[in-house]
Every structure is written in C-alpha cells, then in structure tokens.
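Protein sequence lines, in the order shown, are assigned to chains A and B.
Using the working numbering, you'd call the opening residue of the first sequence number 5 and step up by one each time.
Using the working numbering, you'd call the opening residue of the second sequence number 388 and step up by one each time.
Where a beta carbon is used, it is the ideal one built from N, C-alpha and C, also for glycine.
Just so it is clear, the structure is predicted and the values come from calculations on it, not from any experiment.
Below is one structure, written out as structure tokens; comments come after it.
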Amino acid sequence: METKNIMIVGVGGQGTLIASRILGGIATTAGYDVKLSEVHGMAQRGGSVVTFVRYGDYVAEPIVEPGQADVLIAFERLEAKRYAHYLKKDGVLIVNDTRIDPMPVIIGAAEYPEGIIEEIEKEHTVYKADATAIAIELGNARCFNVVILGMAARHMDYAVEDWHKVIEKTVKPATIEINKKAFDAGYALAE
Amino acid sequence: MGNKKLMLGNEAIARGIYEAGVKVASAYPGTPSTEISENLVQYKDDLYCEWAPNEKVAAEVAFGASVSGVRSFACMKMVGFNVAADPVYSAAYTGVNGGFVLCVADDPGLYSSQNEQDTRAICRAAQIPCLEPSDSQEAKDFTKLAYEISEKYDKPVVIRTTTRLAHSQGFVELCDREEGHDFKYEKNIGKFVMLPANAIKRHVIVEDKMAELAKDAASFEINKAEYRDTSIGFISSGIPYTYIREAMPNASTLKLGMVHPLPTDLIAEFCSKVDRVIVFEELMPVIEEQVKAMGIACDGKNIFTRLGEYSANMIREKLLGQAPAAPAATDIPNRPPILCPGCPHRSTFYTLKRLKLHVAGDIGCYTLGAVPPLAVIESCLCMGSSISSLHGMGKARGPEYLHDWVCVIGDSTFMHTGVNSLMNMVYNQSTGTVLILDNRITAMTGHQDNPSTGKTLMGETVPAIEFEKFCRGIGIENVFTVNAFDVDELTKTIKREVKEDHLSVIVVKAPCALIPEARSKKKCVPNPDKCVHCGACLKPGCPALTRNADGTIKIDATMCNGCGLCRQLCKFDAITEVE
Ligand SMILES: Cc1ncc(C[n+]2csc(CCOP(=O)(O)OP(=O)(O)O)c2C)c(N)n1
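Set out below in structure tokens:
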C-alpha cells in the first residue's frame with residue numbers, strides 16, 4: 005500500500021496527544037509499518053501543535069510534508085488554515101468548526117480571519133462540524149477530539165470495531181463509553 | 388506482530404537502558420529528553436532512577452555508579468550538556484568501569500530551547516564517542532550497543548538524539564533484560580584521580596583509544612554503505628537519513644550510526660565508489676568538515692542550511708529541481724505559547740508590570756512573562772542566570788539602580804543553579820530583590836518533581852527543601868512568603884523590598900494550574916449588569932476572558948479554574964467567584 009499521510013493540528017492542551025495515540029493504535033492493528041511524530045514541550049502551553057501519522061508498507065520519515073497530507077484533521081479553524089498547504093490536491097480536511105482566539109487576537113494586535121473554511125473549500129473537500137457542541141450534548145466537552153476522529157475514520161482504512169477496541173485501550177476506563185459514543189457520532193456525521 | 392510495540396524514541400531509549408541491565412540512572416528534565424526518565428520509572432524494580440537537581444550532578448552520579456562497577460546512565464537536553472561539561476570532559480580521560488552512557492537531545496528548529504547547538508561538536512571537543520539513531524528501533528539498539536562500546540573502549544559514550552527522533556514513534560522489538568554486566572571495583576588511582584601527573588598519561592590513552600575506535604568503526608554494522616545509483620552518494624545520519632530515503636530512494640547512502648569518531652576508511656571507500664558526494668546533516672557541518680579534511684571534495688552546507696530541521700522536500704527542491712510545495716498562509720495571526728488560565732505566574736507578572744519594574748528573567752514557563760500583553764521580562768539567558776545577572780547589574784550601577792529591578796526564578800531552576808548565584812549575592816554583599824516563583828513543580832517540561840516538592844522520580848515521599856529555611860540558612864534575613872494570587876500583599880511586599888538597600892528573597896507561592904493541588908471547584912462568572920466595559924480584568928491576558936459584542940466580559944467556563952485574579956482586578960463587582 006502507498007503510504008497514507010494523516011495530520012492532526014490544534015491548540016496545545018486540546019488533546020492532540022490522546023488523539024494521536026488513538027491514531028497510532030489503530031494504525032498498528034492492520035500490520036502496516038507506522039511512524040508518528042508529536043509536539044511536546046513549550047507549544048503544549050496553548051501554542052499551535054501538530055501531529056503526523058504515516059502508515060504503509062514501508063515508512064521512512066516520521067513527518068508529513070507540505071503537499072502530502074491525505075487527511076488533515078483540524079481541532080480549530082485558524083489551525084486548519086495554518087496547515088492547509090500540507091494537503092494533497094485530493095486531500096480531505098476534517099475541521100472542528102470552532103474558534104479559539106490566539107493571544108495576538110485577544111490583545112487586539114491581529115484579527116481572526118473570516119471565511120477560512122469557504123476558502124479551503126475552493127480547493128479541497130471539507131467536512132466540518134461543531135464537534136465541541138456535539139461533545140457537550142453527549143455530556144463531556146473534552147471528547148470533541150474523538151468526535152472529529154470518528155469523522156476522519158471515514159477516510160481511513162480501518163473497521164469501526166477496531167477503532168472501538170483501540171479507544172478502549174487508550175482512554176481512561178471511566179470515559180470509554182462516552183468516547184465510543186463520541187466516535188460513533190462523528191462517524192455518522194461524515195456519512 | 389510478535390513482541391513489537393509502537394514507541395517514542397525516548398521510550399525506546401528507556402527500554403534499551405532496561406534491557407542493557409543498567410542499574411543507576413540520573414537526569415534533569417529538559418525537552419526533548421524528559422520522557423526517557425519518565426519511562427524508566429516503569430522498570431524501577433530492576434533499576435534505580437532519579438531526578439537530580441541539575442545535569443552536572445546527574446552526570447557525576449552516573450560516573451560514580453560506573454566507577455563502582457555497574458552500568459549507568461544520565462540524560463539531558465543539549466544545553467544541559469554544557470552544565471555537565473565539566474565532569475564529562477574529564478570522564479573522557481578517566482574512562483569507565485561499568486558502562487557509562489549519556490543521552491543528549493538536540494533541538495534543531497528550536498521547538499523548546501534557547502539555542503541550536505550541536506552535540507556532535509561537543510563530543511568531538513571532549514573526545515567522546517557519539518552514536519546517532521534514525522528511528523525508535525535503532526534508538527533502543529544503539530543504546531545497548533553504546534554500553535558495549537563504553538566497556539570495550541573504556542569511554543563514556545553519548546547517544547545523540549534530536550527532537551524529531553525523541554518525539555516520534557515507530558515499532559520496536561522488545562527483548563529481555565540482560566543481567567551480569569557488573570564489574571569488580573579495583574582501586575586505581577592512576578585511572579580515576581585526574582591529577583596532572585595522571586591526566587597527562589591518560590591523555591595518551593584517550594588519543595590511542597579514539598584512533599583504535601575510528602579504525603574499528605569501518606566494520607561496525609551501524610555504519611552502513613548502501614550502494615544503489617552511484618551518481619550521487621549521500622553521507623548522513625539520524626533523522627536526515629530518513630529524508631533521503633523518502634526523496635531519493637535510489638541514491639547511494641553511507642548511513643553513519645556513529646558520528647564520532649568517524650569511520651574514515653569506510654568514508655574513503657564509499658566516496659571512491661560514487662561520482663558526487665553530498666553530506667546531508669542538520670546544524671553544523673561536523674561530518675562535512677572532516678570529510679573535506681580527508682581531501683575528499685563534497686557538497687553540504689553550500690546547498691543545505693545550518694538552520695533548523697531538514698526535510699525530504701528540501702532535497703526535492705534543491706537537488707531534483709522540483710517546484711516548492713504550496714507555501715504556508717502568511718497573512719494569519721501566530722499562535723505563540725502562553726501562560727495557562729489560572730497560572731500563578733500571570734498574577735506575579737501583572738503585579739510587576741503595574742509596579743513598572745524591570746525584570747531579569749530565567750528559564751521556565753515564567754519566561755512567557757516576556758511576551759505580550761505582559762512583556763515585563765527583559766533578559767533570559769540560561770538556568771540560574773537571573774540571580775547572577777541582577778547581582779552583576781547591582782555591582783555595575785550601585786544599589787540605587789536595583790530599586791527598579793527584581794529578578795524571577797522558578798522553584799526547579801532555583802534548585803538547578805540558582806542556589807549558587809544566591810550564595811554569591813550573600814558572599815559578595817549584594818542588595819536586590821529575588822522572587823522565587825514557587826509553583827510547586829517543574830512545569831515547563833511537563834511537571835516533574837524536584838528537591839523542593841517532596842517527591843522523587845520513583846514516587847517516594849521525602850522531606851522537601853524549603854526555600855525560606857534555605858535562604859535563612861545561608862544568612863539572608865529578609866525572606867518573605869506570599870501567595871501569588873494575593874495581589875495586594877504581593878504588591879505591598881515587592882514595593883517595599885525593592886526600595887531597601889539590602890538583599891531580600893520573596894517566595895511567591897501558588898501551585899501550577901495544571902497540577903492536582905491547584906484543582907478547585909471555583910469558577911469566575913461575569914455579571915454583565917455591573918460591567919462597565921473598562922477592560923481592567925483583560926489586562927493580565929488570561930485566555931479564558933474575551934469581550935462579548937456589546938463590550939461586556941465573557942469567561943470561558945471550560946478554561947477558567949477560578950484563580951480569582953480577574954475578580955480582584957474588577958472594581959465594580961462585575962465578576963464573582965462561584966463554587
Ligand atoms: C540547563 C538546562 N536544563 C534544562 C532545561 C529545560 N528546562 C526549561 S524550563 C525548565 C523547568 C523550569 O521549571 P521551574 O523553574 O520550576 O519553572 P516553571 O516552568 O515551573 O514555571 C527546564 C527543566 C534548560 N532550558 N536548561
């Protein structure tokens with residue numbers, strides 16, 4: 005199989021590391037070679053963070069480079085724009101349709117761009133949802149990241165049961181059920 | 388899949404330490420090396436591991452364990468290698484008894500560091516063998532091999548990683564732990580006491596051993612000449628090697644697993660078999676300069692930069708002439724890291740800003756006090772430097788000058804090297820105001836314990852070293868502890884102390900918002916009816932606070948931890964704390 009390139013981008017503290025662990029877990033189940041690259045350290049303090057996941061018959065480098073992403077999973081709109089150039093021509097954007105102001109916007113030194121999704125839609129297929137709202141409805145705002153993963157799962161090569169198994173192994177025991185529900189909600193959205 | 392597991396580079400190194408039968412490991416945290424120690428803890432039934440107060444101590448602990456005859460380990464980020472340089476340069480002379488390995492993590496691209504120094508260059512200067520893995524499997528394998536090299540060639544050995552390797556995951560095949568690597572201790576003053584008369588003899592051995600290792604290295608399996616299309620031959624190592632495999636899978640490569648000393652025979656042979664040699668290495672031209680010194684023509688830094696990380700696209704553009712991929716959007720706001728909602732440092736920096744003081748800073752989450760909207764920190768060099776810089780300013784310009792200055796240092800940084808600087812202030816009769824920002828944890832690197840927190844890496848509860856007692860113990864009389872969130876008390880204390888011509892220490896205390904100690908059920912809630920839109924609460928730059936379209940304040944309940952700073956700043960009771 006040709007190497008598949010997935011990215012997760014978001015804001016430090018949003019739960020990108022858990023999401024990448026789930027992605028790593030799922031990639032492992034199919035017996036492919038897998039490499040995964042994360043951001044720890046300073047950027048986890050509310051900065052812009054990115055995780056790369058690559059799987060295929062043989063994976064050399066651990067990062068996805070501009071112009072190569074099959075799936076870009078963005079936990080926030082501005083971060084989708086920041087990394088949109090990583091998408092392949094036929095790459096797909098899955099975006100949490102929510103806005104988190106970065107400090108330059110909060111203090112009035114910069115403006116939050118309008119029309120981000122519309123602009124990306126001109127070049128790429130975009131699936132958007134207010135996953136945060138869905139997660140709140142399900143009862144836990146923090147599991148929005150798994151809703152988004154559920155949407156992204158439509159564009160990856162794994163069965164729903166496998167995702168469930170990986171979620172069981174990865175998240176805290178008390179949150180397994182709600183995370184599985186979150187995944188299903190996201191998966192249904194992308195139908 | 389057998390016994391294979393997806394592991395971070397750092398996790399794999401920890402596994403290698405365990406499998407190699409290491410008995411003692413000491414470290415000071417530092418991105419991107421921290422997760423090595425955090426992963427070692429799971430093997431605590433088989434080995435001892437600890438957080439040391441700094442990297443010099445960690446290296447010396449590992450040295451002592453090696454002298455006693457067991458395999459030992461120390462790890463650090465690259466700037467920590469400077470702190471550990473003193474013992475390391477001389478351990479290159481003494482050599483080892485049990486295998487002695489250090490892991491040093493570089494940070495090309497400056498994800499979390501204050502410079503882009505290259506550990507390979509230091510290994511050259513210190514005459515220490517240096518191995519560089521390319522993925523998680525190699526990270527584990529090379530770690531084990533490092534112990535064999537250390538014992539065979541009587542040398543401390545460095546594993547050099549980079550952020551990209553340390554924080555990438557790949558498959559690793561697990562093996563059992565090896566035991567039986569202990570050596571008997573025999574008194575050997577000529578080897579282990581670096582008096583000039585002994586060192587002069589050891590230096591001869593250092594040169595001989597390195598020459599022998601460079602010769603033997605030609606046949607090491609980790610140095611691999613891979614011949615494919617011979618029109619271009621790359622010499623590379625570590626993560627950059629993976630970029631070549633991705634961009635030009637048909638090119639010949641000499642993959643160096645050992646980057647110091649270089650296998651010169653193998654390099655000469657490889658270069659004679661390819662038409663054009665290109666050295667592909669991040670940061671300094673360490674390999675390139677040595678290849679050129681062998682009289683071999685090659686390309687390297689004339690094509691590829693000394694700055695930041697490399698990529699496969701870089702090769703595609705510079706060598707294959709491919710058009711650059713679409714550029715990044717340039718017209719969008721940055722998202723720099725910020726102090727978290729509820730961070731006690733915000734309250735402190737807001738107070739310092741209001742008092743219009745100059746601040747000598749140090750390294751930690753609180754360095755973010757240098758970025759807008761607070762932007763009060765005016766200098767930051769390296770760990771411990773805030774206190775010594777303040778002292779230098781005072782000696783240069785006199786006590787009056789320091790009436791407008793304070794310095795700030797975190798609890799972990801104070802324990803790291805701040806203590807030395809403070810002793811200097813006492814000894815050399817300084818004036819000035821030192822703020823120890825005690826958030827009860829080493830926060831920036833992901834919440835590690837330190838001598839002031841009362842817990843060890845292996846989870847034991849121990850007596851905490853108390854800042855007030857410590858400062859009084861070295862003779863400082865004016866020592867105060869203030870709650871970081873008590874803005875009035877903090878303001879009063881700082882205002883009073885900076886004007887005094889004496890040395891004072893203010894311990895500004897409140898737990899980091901991300902640790903369990905700080906968890907509260909409180910939230911701050913705005914009352915729009917009372918809000919006059921003055922914006923006083925927005926000034927400290929808490930990300931949980933924004934304005935509604937009508938100018939009133941909105942507080943994001945999922946972010947707020949009820950620290951109460953905004954409430955204290957509201958003169959109109961338009962913010963209340965609720966349970
Ligand atoms: C010599 C050296 N070692 C390690 C580091 C990595 N490092 C950066 S900040 C930091 C922790 C600072 O902790 P503390 O002083 O308690 O401040 P906090 O982050 O908790 O505010 C460490 C270990 C470094 N920059 N330099």
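- Under the three-state reduction of DSSP output, ARG103(A) falls in the coil class, being neither helix nor strand.
- GLU765(B) carries a strand assignment under DSSP once its states are collapsed to helix, strand and coil.
- Linking CYS858(B) to ALA156(A) through their CA atoms gives a straight-line distance of about 55 Å.
- For VAL678(B) and LEU649(B), the gap between their C-alpha atoms comes out near 9 Å.
- With contacts defined as CB atoms closer than 7 Å, GLY687(B) and PRO672(B) qualify as a contacting pair.
- In the structure shown, PRO850(B) falls within a coil segment according to DSSP collapsed to helix, strand and coil.
- Here DSSP, grouped into helix, strand and coil, assigns ALA472(B) to helix.
- Per the coordinates, the alpha-carbon of ALA508(B) lies some 26 Å from the alpha-carbon of GLY751(B).
- Distances between the C-beta of CYS752(B) and the heavy atoms of ligand 1 include at least one below 6 Å.
- Along the segment 465–549 of chain B, the alpha helix (DSSP H) occurs as fully enclosed runs of 4 or more residues at 465–470, 472–481, 506–513 and 523–540, listed in sequence order.
- At least one C-beta of chain B is nearer than 7 Å to the C-beta of GLY50(A).
- Residue state for MET11(A) is assigned as strand, using DSSP reduced to three classes.
- The alpha-carbon of MET107(A) is positioned some 12 Å away from that of SER52(A).
- Rounded to the nearest angstrom, the Cβ distance from GLY154(A) to GLY112(A) is 37 Å, too far for a contact under 8 Å.
- Straight through space, the alpha carbons of ASP528(B) and LEU561(B) are spaced by roughly 10 Å.
- For SER775(B), the Cβ stays outside the 6 Å cut-off from all heavy atoms of ligand 1.
- In this structure, the alpha-carbon of ALA401(B) lies about 18 Å from that of GLY846(B).
- Residue-level contact by beta carbon holds for GLY71(A) and chain B, with a gap shorter than 7 Å.
- For the options VAL13(A), GLY16(A), LYS85(A) and HIS44(A), the alpha carbon positioned closest to that of ILE124(A) is the one of LYS85(A).
- Neighbourhood of LYS132(A) in chain B, by CB distance below 9 Å: empty, with the nearest CB roughly 18 Å away.
- Within its own chain, the residues whose Cβ lies closer than 7 Å to the Cβ of TYR430(B), once the five positions on either side in sequence are excluded, are TYR405, listed in chain order.
- Neighbours of LEU82(A) across chain B, judged by C-beta separation under 8 Å: ILE719, PRO720 and ARG722.
- By the rule that beta-carbons nearer than 7 Å mark a contact, PRO177(A) does not touch chain B.
- Straight-line measurement puts the Cα of SER639(B) at about 6 Å from the Cα of ASP616(B).
- Contact note: ARG103(A) does not reach chain B at a C-beta cutoff of 8 Å; the least C-beta distance is about 10 Å.
- Per DSSP, the unbroken beta strand (DSSP E) holding LEU76(A) starts and ends at 73–78.
- For TYR435(B), not one C-beta of chain A is nearer than 7 Å to its own C-beta.
- In the DSSP secondary-structure assignment, LEU643(B) is not bridged to any residue.
- Residue-level contact check: MET155(A) does not touch chain B, since none of the beta carbons of chain B fall below 7 Å from its beta carbon.
- If the five residues before and after LYS391(B) are omitted, its C-beta is found closer than 6 Å to the C-beta atoms of PHE558 and GLU560, all from its own chain and listed in chain order.
- In the three-state reduction of the DSSP assignment, ALA612(B) falls in the strand class, which pools E and B.
- Secondary structure note for GLY557(B): its beta strand (DSSP E) is the uninterrupted segment 555–560.
- ASP791(B) is classed as exposed because its beta carbon has fewer than 16 other beta carbons within 10 Å across all chains shown.
- Between CYS957(B) and CYS924(B) the beta-carbon gap is near 5 Å, inside 8 Å, which marks them as a contact.
- Contacts with chain A at 7 Å (Cβ-Cβ) do not include GLN524(B).
- The continuous alpha helix (DSSP H) containing LEU777(B) extends over residues 772–784.
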